[in-house]
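Q: In the numbering used here, the protein residues as written are 3 to 842.
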RNA sequence: GCGAGGAUGGCGGAACUGGUAGACGCGCCAGACUUAGGAUCUGGUGUCUUUGACGUGCGGGUUCAAGUCCCGCUCCUCGCACCA
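1. Answer with buried or exposed for residue 34, where buried requires no fewer than 16 other C-beta atoms within 10 angstroms of its C-beta.
2. Output the distance between the C-alpha atoms of residue 597 and residue 628, rounded to the nearest integer angstrom.
3. Tell me the DSSP secondary structure of residue 825 in three-state form.
4. Would you call residue 676 buried or exposed, if buried means 16 or more other Cβ atoms sit within 10 Å of its Cβ?
5. With contact counted as at least three CB pairs below 8 Å, one residue from each stretch, are the region 551-568 and the region 236-245 in contact?
6. For the putative contact between residue 712 and residue 786, defined by C-beta atoms under 8 Å, what is the C-beta separation to the nearest angstrom?
7. Just verifying my parser: in three-state terms, what is the DSSP assignment at residue 115?
8. Per DSSP, residue 501 is paired with what?
9. Of the choices 398, 435, 424, whose alpha-carbon is the least far from that of residue 417?
10. What does residue 252 pair with, by DSSP beta-bridge criteria?
11. How long is the line joining the alpha carbons of residue 603 and residue 66, rounded to whole angstroms?
12. Do three or more CB pairs link the region 154-165 to the region 54-70 at distances below 8 Å?
13. Given a cut-off of 7 Å, decide if residue 491 and residue 181 are closer than it, judged by their beta-carbon atoms.
14. Grab me the residues of residue 821's own chain with a C-beta within less than 6 Å of its C-beta, minus the 5 sequence neighbours each way, in chain order.
15. Nearest CA to the CA of residue 436: which residue from 262, 621, 769?
16. Looking at the structure shown, is residue 698 part of a helix, part of a strand, or coil, going by DSSP?
17. Looking only at C-alpha atoms, which of 715, 510, 164, 763 sits nearest to residue 75?
18. Please identify the residue among 694, 721, 366, 451 whose C-alpha is closest to the C-alpha of residue 2.
19. Using three-state DSSP, classify residue 730 as helix, strand or coil.
20. Count Cβ pairs between the region 796-808 and the region 714-726 that sit closer than 8 Å; are there 3 or more?
21. Starting from the N-terminal side, write out each stretch of the alpha helix (DSSP H) that is 4 residues or longer and does not extend beyond the region 188-239.
22. Check the DSSP bridge columns for residue 553 and list the partner residues they point to.
23. Do you know offhand how far residue 521's Cα is from residue 91's?
24. Just to confirm, is the Cβ distance from residue 456 to residue 517 under 7 Å?
25. Around the Cβ of residue 813, are there at least 16 other Cβ atoms within 10 angstroms (buried) or fewer (exposed)?
26. With distances taken from CA atoms, which of 269, 272, 300, 291 is nearest residue 283?
27. Please state whether DSSP places residue 444 in a helix, a strand or coil.
28. Tell me whether the beta-carbon of residue 639 lies closer than 7 Å to the beta-carbon of residue 609.
29. Pick from 212, 244, 39, 195: whose alpha carbon is nearest that of residue 142?
30. Residues in the same chain with beta-carbon distance under 6 Å from residue 361, minus the five sequence neighbours each way, listed in chain order, please.
31. Spatial neighbours of residue 4 within its chain, please: CB distance less than 6 Å, with the 5 preceding and 5 following residues excluded, ordered by chain position.
32. Which residues share a DSSP beta bridge with residue 243?
33. Rounded to whole angstroms, what's the CA-CA distance from residue 372 to residue 272? Just pull it up for me.
34. From residue 617 to residue 658, what distance separates their C-alpha atoms?
35. Can you tell me whether residue 529 is buried or exposed? The criterion is at least 16 other CB atoms within 10 Å of its CB, across all chains shown.
36. Have a look at 405, 55, 254, 122 and flag the residue whose alpha-carbon is nearest the alpha-carbon of residue 334.
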């Protein structure tokens with residue numbers, strides 16, 4: 003059935019653009035008639051346009067508008083092409099801020115539950131979102147702190163546990179000694195807790211992890227994805243794949259030390275070894291004389307916070323263990339040191355040090371007077387380990403390397419040293435080819451209250467036992483003391499904690515940690531398709547039809563974690579058999595960040611947060627939307643400056659008058675295509691191309707150009723009624739995605755009875771774009787000397803003749819001879835003139 | 001240090017495969033209408049020693065022609081950062 007819409011109420015002034023009056027009215031009408039509701043089951047083309055859901059902070063600021071309005075315009079644009087577009091919205095509702103706010107309130111003597119707070123804020127934000135005038139289909143809304151949502155986190159957790167993708171192991175966590183809590187990495191800024199400002203300590207605790215490293219290689223493959231290069235590069239660097247070899251050194255005591263190196267060709271230059279202070283062999287290797295010093299160093303390293311390590315820069319510290327190892331390639335005896343520049347968390351936690359060819363090892367060797375042995379000689383130079391002042395990491399010829407002397411080596415073309423050495427090591431069983439990643443497994447445990455309970459129990463007899471699927475959800479209890487104590491708040495809730503072992507039926511303890519909120523955002527887009535489904539997380543039929551997501555938009559700040567986790571999770575879902583594809587988002591576009599007027603990141607503490615409400619009240623939502631699009635390239639962002647909003651506001655007032663006022667009709671239309679008609683179709687072509695490519699700023703500029711053309715046509719004696727009518731219909735239709743309210747109002751005032759948002763996007767009439775005359779620029783020696791107006795089809799000879807006839811051109815040609823004539827059809831003429839020797 | 005992106009009027013920013021630099025808007029200047037205007041409309045607006053010259057961070061180069069291509073720098077932003 004065709005939805006019909008109402009004419010403006012009689013009381014409203016008909017002649018003036020009054021955004022406040024029309025915007026709320028249309029929002030109500032759209033909502034009442036459900037024009038944005040998507041029937042997911044219907045046949046036809048589908049397009050899943052997803053924009054990142056917000057954390058319910060309870061306050062929608064300009065940044066949210068900047069993320070939302072252009073995305074909405076792009077989604078509306080797509081929808082006007084006759085495709086069904088799903089454009090849903092929800093809330094990323096678990097997480098620390100609500101819990102911390104509740105803690106703060108409690109300290110001030112007020113009792114507020116994070117759940118209450120969260121749902122209140124969601125209600126507020128939904129109202130604020132409505133003001134923007136988006137086409138969100140709220141019937142698909144999801145809220146991640148709802149048990150109907152997070153129960154499926156628990157199911158996925160169990161599936162991953164079954165497949166060995168979820169496991170528990172000791173891990174070092176960020177500990178905030180003031181807030182008495184574990185912090186996520188992203189909450190640690192410059193080594194301090196983002197809320198307390200306290201120096202973060204490291205603590206070892208048993209933690210749940212997801213085995214994302216199993217997918218490292220697959221995550222490096224972005225084929226088929228239309229994503230910004232920047233994001234792909236960031237993820238690639240984050241995963242940090244390095245190829246090299248693992249080599250086994252034996253200690254004099256008979257222990258084995260494995261090292262990873264990307265430069266096995268420098269093995270003969272390994273003059274010492276370094277272990278991370280936490281390395282398990284440190285104690286064994288340490289001799290009695292060195293023990294005291296070593297233990298002091300190990301203890302100091304454990305105490306040292308991240309910030310100490312960072313501010314220290316490149317200065318090397320370390321201690322000799324007194325122990326020695328044997329270099330397996332030549333039997334040389336090398337001292338073993340410990341130093342904190344070697345990280346226990348990367349590779350094997352121990353390295354062979356080749357000071358001649360590694361900057362860090364070089365600095366260490368010079369600090370402690372260790373031997374430097376050159377094993378690669380650069381072209382045209384002979385290095386001496388005793389006198390060199392910097393390490394050399396480039397290509398060269400191997401030296402002092404036994405059987406490999408004279409081999410070209412390095413990472414460049416024609417260097418084969420690395421491959422030959424690896425093969426040689428493998429033959430002798432002392433080393434093997436090895437790939438190492440910087441990426442670590444995803445630590446999912448959080449010692450906080452406001453998150454999804456992890457569905458595991460601990461039984462004294464049976465150990466770690468998963469909760470049976472039938473017992474899900476494990477509901478997060480509301481009556482929990484969540485003041486920070488250093489333990490997971492759920493630990494103190496006896497009723498929650500006490501469980502029976504699913505295996506033996508004996509007494510058991512429930513896991514009291516909750517899940518990282520990135521768990522929610524790793525699959526939430528599937529849930530929009532079936533938010534109320536009770537017998538499973540994902541509707542397979544709908545998922546096949548609608549996913550992967552066609553377009554995903556959001557801030558760059560999620561370039562790594564969220565987007566990488568989402569990709570990982572989708573691959574897991576594929577392997578579990580839930581979906582068929584392995585990539586969640588086919589196309590990705592990032593908006594830039596809107597900064598405060600002081601050019602700083604907006605934050606409450608800086609007091610530079612821009613509230614859009616006063617602007618909306620003064621100018622209307624359409625103007626704020628369009629201004630945010632007009633301000634510059636979307637992906638660029640930039641400092642907020644409201645100065646220019648007047649221009650957009652004036653533009654809408656002019657469009658309003660042009661459409662609402664009496665048409666400036668003339669009886670006779672000039673021959674050929676009128677300027678106005680050409681302007682209309684140029685605008686269609688340009689705006690279409692711009693919106694296709696997310697160039698919202700130039701799309702708005704094009705619409706302004708069309709408005710100028712209409713104003714000019716009106717002033718210059720009008721247009722035929724058909725042409726004028728076409729211009730009005732067109733500018734309103736092109737405006738619809740960008741400024742949905744004014745477009746809808748004007749559309750109805752033009753006499754239409756159905757919504758402009760159900761219209762089809764116009765196509766340019768190619769014939770109307772053709773000009774019959776064109777302007778040529780005439781240059782002499784590349785400098786502009788005149789212009790000529792010619793028929794579009796004028797032959798080259800005519801163009802040249804006309805160009806030479808221009809008096810100012812003739813002046814510059816005079817006294818020389820034309821040596822070359824360049825004619826770019828429809829654009830310009832360039833005459834290359836050489837001064838003639840006879841000229842005066 | 002490594003990686004990515006950027007630098008264009010007073011300001012935000014345009015410029016497709018090299019082809020009239022500065023679209024569109026802000027601001028500013030002048031005028032019109034007005035009792036009034038910080039409303040609206042019209043015109044102008046890169047710089048200068050203005051029949052011309054110079055202009056897209058700096059220095060070279062290729063080309064009839066360079067914001068755009070090549071070489072060498074400077075500065076800024078973002079990401080990663082003792083990753084072996």
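All residues carry an ideal CB built from backbone N, CA and C; glycine is no exception.
A: So, from the data block:
1. exposed
2. 18 Å
3. strand
4. buried
5. yes
6. Contact flag wrong, Cβ pair sits at about 31 Å.
7. coil
8. 510
9. 398
10. 258, 328
11. 14 Å
12. no
13. no
14. 834, 836
15. 262
16. helix
17. 763
18. With the chain covering 3 to 842 only, the question about residue 2 has no answer from this structure.
19. helix
20. no
21. 218-221
22. 51, 589
23. 18 Å
24. yes
25. exposed
26. 300
27. strand
28. no
29. 39
30. 393
31. For residue 4, the predicted model reports a pLDDT of 41, less than 50, meaning its position is unreliable; a value from the coordinates is still stated below. Hits under 6 Å: 756.
32. 439
33. 11 Å
34. 20 Å
35. buried
36. 254
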